[in-house]
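K.L.:
Here it is: the structure, laid out below.
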Amino acid sequence: MELKFTVQMKIQKPVSEVFDAVYNPKKLCAYFTAESEGPLDEGKTVLWTHASGECSTVSMPVKVQKMVPNKLIRFSWAASEGYYDAKTGQFPHSAGYDNLVEMAFEELKPGETLVKITEGNWRPNEDGLQSSYQNCQGWAGMVACMKAYLEYGINLRSGAY
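So the sequence shown is numbered by this note's numbering: it starts at -9 and just counts up by one.
The following block contains the structure:
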């Protein structure tokens, strides 16, 4: 069993704007991350920091493997395994290996872009399964937040965590 998923969403903006909303750290921080150290350039490692509660944050190194403007961003980052406990703010434990994330951007017609995010590589065990579910939920939230930000100028994450 391969633990891998894909989430996708259409965004009513040109592919260049949608791509830039992920690539550009200032835009990414307007709807998804609390901080991002820089653009997602091929060969770079960029630290993404997320607020996970009133006083806690989690930072993740994003190791960019490939970047094709307006088409693709592929990176790896540390896999985690286990359950996230929302009451305590405790995250799953480090799994000791990386997952691969691929973000594909496809122009469907002028002013309409399909974003697909695929992540995989968890170990096929209960902890890996739970983490894959959590990350799938996270990426689904990310594309919804990106759509709200790009189409309506709304930050859905504000006050949500």
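Glycine included, every Cβ here is placed at the ideal spot set by N, Cα and C.
All of these numbers come straight from a predicted model, not from anything done at the bench.
Which runs of the alpha helix (DSSP H), 4 residues or longer, sit entirely within the region -8 to 18?
P.N.:
5 to 13, 15 to 18
K.L.:
Among all the DSSP beta bridges, which residues are the ones paired with R64?
P.N.:
K56, E92
K.L.:
Please say whether K53 and T35 have beta carbons closer to each other than 8 Å?
P.N.:
Against a cut-off of 8 Å, the Cβ pair of K53 and T35 comes out as a contact.
K.L.:
Excluding the 5 residues flanking P114 on each side, which residues of the same chain have their C-beta closer than 7 Å to its C-beta?
P.N.:
M(-9), L(-7)
K.L.:
Can you give the Cα-Cα distance for N14 and P29, rounded to whole angstroms?
P.N.:
Their Cα atoms are separated by approximately 5 Å.
K.L.:
Would you decide whether V58 is buried or exposed? Buried here means 16 or more other CB atoms lie within 10 Å of its CB.
P.N.:
V58 comes out exposed.
K.L.:
Starting from the Cα of W129, find the closest Cα among T108, Q120, Y142, N145 and give me that residue.
P.N.:
When only C-alpha atoms are compared, the closest one is T108.
K.L.:
Can the beta-carbon of K3 be found less than 8 Å from the beta-carbon of L98?
P.N.:
no
K.L.:
For Y21, count neighbouring C-beta atoms within 10 Å of its own C-beta (all shown protein chains included) and say buried if the count is 16 or more, exposed if not.
P.N.:
Looking at its Cβ environment, which holds 16 or more other Cβ atoms inside 10 Å, Y21 is buried.
K.L.:
Under 6 Å Cβ to Cβ from S49, same chain only, skipping five residues before and after it: list those, please.
P.N.:
L37, T39
K.L.:
Alpha carbon to alpha carbon, how far is S70 from R64?
P.N.:
18 Å
K.L.:
Give the secondary structure of E141 by DSSP, where H, G and I count as helix, E and B as strand, and everything else as coil.
P.N.:
helix
K.L.:
For the beta strand (DSSP E) containing K106, name the first residue and the last one.
P.N.:
102 to 112
K.L.:
State the start and end residues of the unbroken beta strand (DSSP E) segment that holds L37.
P.N.:
35 to 41
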